[in-house]
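Below is one structure; the comments refer to it alone.
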Amino acid sequence: IDSEDDLLQECISSAMPKKK
Amino acid sequence: PTPPYLKWAESLHSLLDDQDGIHLFRTFLKQEECADMLDFWFACSGFRKQEANEGNEKMLKLAKAIYKKYILDNNGIVSRQIKPATKSFIKDCVMKLHIDPAMFDQAQTEIQTMMEENTYPLFLKSDIYLEYT
Numbered sequence: 001i002d003s004e005d006d007l008l009q010e011c012i013s014s015a016m017p018k019k020k
Numbered sequence: 001p002t003p004p005y006l007k008w009a010e011s012l013h014s015l016l017d018d019q020d021g022i023h024l025f026r027t028f029l030k031q032e033e034c035a036d037m038l039d040f041w042f043a044c045s046g047f048r049k050q051e052a053n054e055g056n057e058k059m060l061k062l063a064k065a066i067y068k069k070y071i072l073d074n075n076g077i078v079s080r081q082i083k084p085a086t087k088s089f090i091k092d093c094v095m096k097l098h099i100d101p102a103m104f105d106q107a108q109t110e111i112q113t114m115m116e117e118n119t120y121p122l123f124l125k126s127d128i129y130l131e132y133t
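Protein sequence lines correspond, in order, to chains P and C.
Read in our numbering, the first sequence has 9 at position 9, and its numbers run on one by one without any break.
Read in our numbering, the second sequence has 69 at position 69, and its numbers run on one by one without any break.
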């Protein structure tokens, strides 16, 4: 089970632009 | 072609659309002790994006995590910039388990306006940015 912090971090990363 | 750091000066969105730009802006915000504003902004975008492929349970967990970390503490940098009505709307959504992909949209807009009017112009004048260019 993901901890809340991991979940949040994953969510933040998912919104970041991918490396060009 | 225009170098990326010149594009960053065009708008907040051009800055947040570039990995190096985000990294530098975050370093600046960390110095100003408001990096949470940027993390919150991305968390809201990420939350909205996830709805299509994630189950309800995960969305609820995530909504609670965002609420707890950034909104619940009234002294937090993000919480202080969000209108009381917006905060109670989000609190209501979490408490009543009304999880909606758009539930953080208004709060995100308020934080974005704050960055556009305040921290982003300061960033463009900061030593961090000027040294980089």
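Every residue, glycine too, gets a C-beta built ideally from N, C-alpha and C.
Residue i and residue j closer than 8 Å at C-beta
i, j, result
"I111 (chain C)", "F40 (chain C)", "yes"
"E10 (chain P)", "A65 (chain C)", "no"
"A107 (chain C)", "I82 (chain C)", "yes"
"A43 (chain C)", "L8 (chain P)", "yes"
"L14 (chain P)", "G55 (chain C)", "According to the sequence as given, residue 14 (chain P) is Ser; it is not Leu. Not in contact: S14 (chain P) and G55 (chain C) (Cβ atoms no closer than 8 Å)."
"V78 (chain C)", "M37 (chain C)", "yes"
"L12 (chain C)", "M114 (chain C)", "no"
Closer than 8 Å at the beta carbon, the chain P residues around residue i
i, result
"L62 (chain C)", "L7, L8, C11"
"A43 (chain C)", "L8, C11, I12, A15"
Straight-line gap, residue i to residue j (C-alpha atoms, nearest Å)
i, j, result
"K91 (chain C)", "P3 (chain C)", "43 Å"
"K61 (chain C)", "Y70 (chain C)", "14 Å"
"A85 (chain C)", "G76 (chain C)", "17 Å"
"N74 (chain C)", "P1 (chain C)", "45 Å"
"Y120 (chain C)", "C34 (chain C)", "12 Å"
"Q50 (chain C)", "M59 (chain C)", "8 Å"
"L16 (chain C)", "L124 (chain C)", "13 Å"
"D127 (chain C)", "K18 (chain P)", "27 Å"
"D20 (chain C)", "E32 (chain C)", "19 Å"
"D100 (chain C)", "E131 (chain C)", "42 Å"
"Y129 (chain C)", "K68 (chain C)", "32 Å"
"K96 (chain C)", "R48 (chain C)", "19 Å"
Short CB-CB distance (under 8 Å) between residue i and chain P
i, result
"Q112 (chain C)", "no"
"K91 (chain C)", "no"
"S14 (chain C)", "no"
"D18 (chain C)", "yes"
"I66 (chain C)", "yes"
"I77 (chain C)", "no"
"I82 (chain C)", "no"
"I22 (chain C)", "yes"
Under 7 Å by beta carbon: chain P residues contacting residue i
i, result
"K49 (chain C)", "S14, A15"
"G46 (chain C)", "C11, I12, S14, A15"
"D39 (chain C)", "I12"
"K69 (chain C)", "L8"
Contact set between residue i and chain P, taken where Cβ atoms lie within less than 9 Å
i, result
"I128 (chain C)", "Residues of chain P passing the Cβ test: none, with the nearest at roughly 19 Å."
"Q125 (chain C)", "In the sequence on display, residue 125 (chain C) carries Lys and not Gln. Chain P residues near K125 (chain C): none, gap ~24 Å exceeds 9 Å."
> Can you give, in chain order, each stretch of the alpha helix (DSSP H) that sits fully within the stretch 90–128 of chain C and has at least 4 residues?
Replying inline: Listed in chain order, the complete alpha helix (DSSP H) runs (minimum 4 residues) inside the stretch 90–128 of chain C are 105–114, 120–125.
>> List, from N- to C-terminal side, the alpha helix (DSSP H) runs of 4 residues or more that fit wholly inside the stretch 5–50 of chain C.
In response: Qualifying alpha helix (DSSP H) stretches, in chain order: 12–16, 19–31, 35–50.
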